[in-house]
Each structure stands twice: as structure tokens, then as C-alpha cells.
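Residue numbers (UniProt numbering): 1 to 257. Note that beta-carbon positions come from the ideal geometry of N, C-alpha and C, so glycine has one too. Please read the structure below before turning to the comments.
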């Protein structure tokens, strides 16, 4: 009797060997993935994709969020670095999401100095001020940048609202421009950052509301350039996005001012 196996038996043996080889190859690939050798932080595939798409890939493999790819992270007045994107959802927005209004418990310029943010800004923007203690502004004079008017400020239930503190980039705009996923400390920072705050005529602040630079400009046209510039600086610093119309307005003033 011949010791050679029949052709069907040879085919069966070959099939088993190929299966074992395939399983071994899969095991090697799994080990490489776990160790980060194949698709780790130095992944050349991700690097090449970044060159094609112009977007840096995150370490966790997820696409970058708008707030991480827009702006400079520094208060640059150049709007060219801002990313154009449609406004995000306003779902979940509330003033309370940004912490206690005018809190001093914030890691930003003026924070932890014993004075509320509102009083810090009034002390900065008003002249001839009188204080109660070392913080509370009781009176002063505002050369209102939005109207060009001179306003006498007196602290009181019926008079304090004549001078209000405006968020140049409104908190609602901040929310839909990339801040909806921020944690509380970061939300508190932008809500109390002196760069984004200005003492202004109360009625002008209410008229502006949540409007962006392409939707509202100060009545005092001499202040328009400074107004738009500050908005650009805030959006760059916090890597917030802009709409196409908003960026066009910003670029118009950047080129003209």
C-alpha cells in the first residue's frame, strides 16, 4: 500500500495550514495595534491624511472639533486665522452655564482680587469714580464708546442700569461658536475676561443683545474698528468659529482700520 496521501487529503492539510497562518497573522496585527506600532501617535497614514484634509487628527482618532482648529489661541486681531462654520445649536444655553455672574472666583485677569468682575470693569472704564470700600463703584463718568455720549453713573436700583457691562462677543454667540462642550472653568473665564468686557450705555447693550459683528455695530462709527477688533481678538484667543458673513465684516474692518 502506498504511503502517499490522496489528493483530497493533501488539499485538506493545505487548507488547515493556511488557516493557521492566517490566524497567526491576525494575532501579530493585533499585537502591533495594541502596542501603537501600526496605528500609534506616529501613524504615517494619519499624517498623510492630515496633509490632504488640512486637519490635524486627534490622538483618539476622532476628528478635531471646530473650537480646536479655529483661531490662534492668542488674542490676535487678524481674522484670517478664524474658521468659518455654521452656528452650532443653542440647545442647553443659559447664562447660568457660565457660572455666577461677575464672580471673582475665576482664573483670569482680575480674578481672586476681592472685587466682582463688574466693579473691576467699572473701575477700568469710568473716570472720577467714588468707591465704597476698595471695590464697589458708587459713582463715576463714562465716555460711552457705543454712542459717544457722556453718562453720569450713580449706583442704585433705578440708576445702575444706565451703565451696563457688555460681552463684546455675547455669551450666546460664544455658545454656538464652539463653547457648548467646554467645562465650567473655561466658560467662567470667557464670561469674566476683561478682553471681552466693556462698560457701555445700557440701552445700546440691550439693543445689541446676542448679535454678531455682521449684525450690529455701534452707533458711534468712530468706535467700529475697535469694536470689531476686540471681537476678533476674543474669538482668536478662545478658538471660536465665525460665520461667513461675520468673517467678511471682520476682514473688511481689518483691512480698513
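>> Measuring straight from C-alpha to C-alpha, what distance separates residue 128 and residue 141?
In response: Numbered from its first residue, the chain shown carries residue 128 at position 128. Numbered from its first residue, the chain shown carries residue 141 at position 141. If you take the alpha carbons of residue 128 and residue 141, they lie about 6 Å apart.
> Tell me which same chain residues have a C-beta within less than 6 Å of the C-beta of residue 166, skipping the five on either side of it?
Replying inline: Numbered from 1 along the chain shown, position 166 holds the residue referred to as residue 166. Closer than 6 Å at the Cβ level, and outside the excluded window around residue 166, lie 198, 200 and 205.
>> If contacts are defined as beta-carbon pairs under 8 Å, then residue 249 and residue 213 qualify, I think. What distance do you get, rounded to the angstrom?
In response: Taking the chain shown and counting its residues from 1, one reaches residue 249 at position 249. Taking the chain shown and counting its residues from 1, one reaches residue 213 at position 213. Right, the Cβ-Cβ distance comes to about 5 Å (below 8 Å), so this counts as a contact.
> Quick one, are the C-beta atoms of residue 194 and residue 92 less than 9 Å apart?
Replying inline: Locating residue 194 in the chain shown gives position 194, counting from the first residue. Locating residue 92 in the chain shown gives position 92, counting from the first residue. No.
>> Quick check: the Cα distance between residue 139 and residue 118, rounded to an integer number of angstroms?
In response: Translated into positions along the chain shown, residue 139 becomes position 139. Translated into positions along the chain shown, residue 118 becomes position 118. If you take the alpha carbons of residue 139 and residue 118, they lie about 13 Å apart.
> In whole angstroms, what is the alpha-carbon distance linking residue 233 and residue 239?
Replying inline: Your numbering for residue 233 matches position 233 in the chain shown. Your numbering for residue 239 matches position 239 in the chain shown. About 10 Å.
>> I'd like the ranges of any beta strand (DSSP E) spanning at least 3 consecutive residues and lying wholly in the region 180-255.
In response: Those beta strand (DSSP E) runs which fall completely within the region 180-255 and span 3+ residues are 197-201.
> Under 9 Å, do residue 196 and residue 74 count as touching if we go by C-beta distance?
Replying inline: Taking the chain shown and counting its residues from 1, the one referred to as residue 196 is at position 196. Taking the chain shown and counting its residues from 1, the one referred to as residue 74 is at position 74. Cβ atoms of residue 196 and residue 74: not closer than 9 Å.
> Terminal residues of the continuous beta strand (DSSP E) containing residue 164?
Replying inline: Within the chain shown, the letter at position 164 stands for residue 164. Run containing residue 164: 163-167, per the beta strand (DSSP E) assignment.
>> Quick check: what's the CA-CA separation for residue 88 versus residue 176?
In response: Numbered from 1 along the chain shown, position 88 holds the residue referred to as residue 88. Numbered from 1 along the chain shown, position 176 holds the residue referred to as residue 176. So the two alpha carbons sit approximately 4 Å from each other.
> Which first and last residues belong to the alpha helix (DSSP H) in which residue 174 is found?
Replying inline: Position 174 of the chain shown, counted from the start, is the residue given in the question as residue 174. Run containing residue 174: 171-176, per the alpha helix (DSSP H) assignment.
> Per DSSP, residue 139 is paired with what?
Replying inline: Position 139 of the chain shown, counting from 1, holds the residue named residue 139. Assignment of beta-bridge partners to residue 139 by DSSP yields 130 and 154.
> Which value, in whole angstroms, describes the spacing of the CA atoms of residue 192 and residue 171?
Replying inline: The count along the chain shown starts at 1 and reaches residue 192 at position 192. The count along the chain shown starts at 1 and reaches residue 171 at position 171. Annotation: residue 192 to residue 171 spans about 11 Å, alpha carbon to alpha carbon.
> In whole angstroms, what is the alpha-carbon distance linking residue 168 and residue 223?
Replying inline: Locating residue 168 in the chain shown gives position 168, counting from the first residue. Locating residue 223 in the chain shown gives position 223, counting from the first residue. Residue 168 and residue 223: Cα-Cα distance of roughly 13 Å.
> Whose C-alpha, out of 96, 124, 126 and 133, is nearest the C-alpha of residue 114?
Replying inline: Within the chain shown, the letter at position 114 stands for residue 114. That would be 133, whose Cα lies nearest to the Cα of residue 114.
>> Going by DSSP, what residue range makes up the alpha helix (DSSP H) through residue 123?
In response: Numbered from 1 along the chain shown, position 123 holds the residue referred to as residue 123. From DSSP, the alpha helix (DSSP H) with residue 123 extends over 117-125.
> From residue 122 to residue 247, what does the alpha carbon distance come to, in whole angstroms?
Replying inline: Counting from 1 along the chain shown, the entry for residue 122 is found at position 122. Counting from 1 along the chain shown, the entry for residue 247 is found at position 247. Cα-Cα distance, rounded: 30 Å.
> For residue 188 versus residue 103, is the C-beta spacing smaller than 9 Å?
Replying inline: As a working note, residue 188 is residue 188 in the chain shown. As a working note, residue 103 is residue 103 in the chain shown. Cβ distance < 9 Å, so residue 188 and residue 103 count as in contact.
> Considering only the beta carbon of each residue, do residue 184 and residue 97 sit closer than 9 Å?
Replying inline: Taking the chain shown and counting its residues from 1, one reaches residue 184 at position 184. Taking the chain shown and counting its residues from 1, one reaches residue 97 at position 97. In contact: residue 184 and residue 97 (Cβ atoms closer than 9 Å).
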